[in-house]
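Structure record follows, encoded as structure tokens.
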Amino acid sequence: MIEISFDGAAISNPGLAGGGIYINEGNGKEIRRSLPFGVLTSNHEAEFAACVAAMHYALEMGYRTVSFRTDSQLVNEAIEKRHVKNEQFIPYLNEALPLVDRFDLFFCKWIPDKQNKNADALARLAIQKQMRAKQKKEADS
């Protein structure tokens, strides 16, 4: 089973956001992805965006049996219950659920922040890269 940790981060609400995907293939191979999302409305939206991005990536890699790990109770419960109350997150859930069904075996598990440090660092790196690019663009203008 492939373990996939994901996390989203935003510097303000709204603000620059990023996602991180950390994959442990179980054979000593680790994959790290840092994803810039641009401006999103909240950290919660970044978490949902990271979840969907991680699912797409896992399917592209051909993973069929996966255990997704998140420190977002909101995302975990939305996937588990196949429902979310906040209308802002419905499009993300509507994109995620058909992806879940494409895996042979899919688990989503909530983990404490301290166990999601790899994905968190990658999400924050995505924000830092966007900030540096913005500063460089402003300096060049």
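Number 133 in the working numbering belongs to position 133 of the sequence shown; there are no gaps in the numbering. For glycine and all other residues, C-beta sits at the position ideal for the given N, C-alpha and C.
Validate contact between the stretch 83 to 96 and the stretch 32 to 40 using beta carbons, cut 8 Å, 3 pairs: no
Spatial distance of Arg32 from Ala119 (CA atoms): Position 32 of the sequence shown, counting from 1, holds the residue named residue 32. Position 119 of the sequence shown, counting from 1, holds the residue named residue 119. Those two C-alpha atoms are separated by around 8 Å.
Environment of Leu105 [buried if 16+ CB atoms lie within 10 Å]: Residue numbering aside, residue 105 sits at position 105 when the sequence shown is read from its first letter. The residue is exposed, with fewer than 16 neighbouring Cβ atoms inside 10 Å.
Beta-carbon proximity list for Ser67, same chain, < 6 Å, skipping 5 on both sides: For this step, residue 67 is matched to residue 67 along the sequence shown. Answer for Ser67: Met1, Glu3, Phe107, listed in chain order.
Local conformation of Ile127 per DSSP, three classes: On the sequence shown, residue 127 is found 127 positions in, with the first residue counted as 1. Three-state DSSP puts Ile127 in a helix.
Per-residue burial, Gly28 [other beta carbons within 10 Å of its own, 16 or more giving buried]: Here residue 28 refers to the residue found at position 28 when the sequence shown is read from its first residue. Counting Cβ neighbours within 10 Å, Gly28 comes out exposed, since fewer than 16 surround it.
Cβ distance (whole Å) where Ala46 is taken to contact Gly19 below 8 Å: Position 46 of the sequence shown holds residue 46. Position 19 of the sequence shown holds residue 19. Going by Cβ atoms, the distance from Ala46 to Gly19 rounds to 6 Å, so yes, they are a contact pair.
Beta strand (DSSP E) segments (min. 3 residues) lying fully within the stretch 46 to 130: 65 to 70, 105 to 110
Helix, strand or coil at Asn43 [DSSP, three-state]: One-based indexing of the sequence shown puts residue 43 at position 43. Residue state, collapsed to three classes: helix.
Gln115 to Leu122 span [Cα, whole Å]: What you label residue 115 is simply residue 115 of the sequence shown in a count that begins at 1. What you label residue 122 is simply residue 122 of the sequence shown in a count that begins at 1. Roughly 14 Å separates the two Cα atoms.
Backbone CA spacing between Ile79 and Pro98 [nearest angstrom]: In the sequence shown, counting from the first residue as 1, residue 79 sits at position 79. In the sequence shown, counting from the first residue as 1, residue 98 sits at position 98. Looking at the two C-alpha atoms, the distance is approximately 11 Å.
Among Ser12, Arg102, Pro14, Arg124, the one whose alpha carbon lies nearest that of Ala50: Mapped onto the sequence shown, residue 50 falls at position 50. Out of Ser12, Arg102, Pro14, Arg124, Arg124 has the C-alpha closest to the C-alpha of Ala50.
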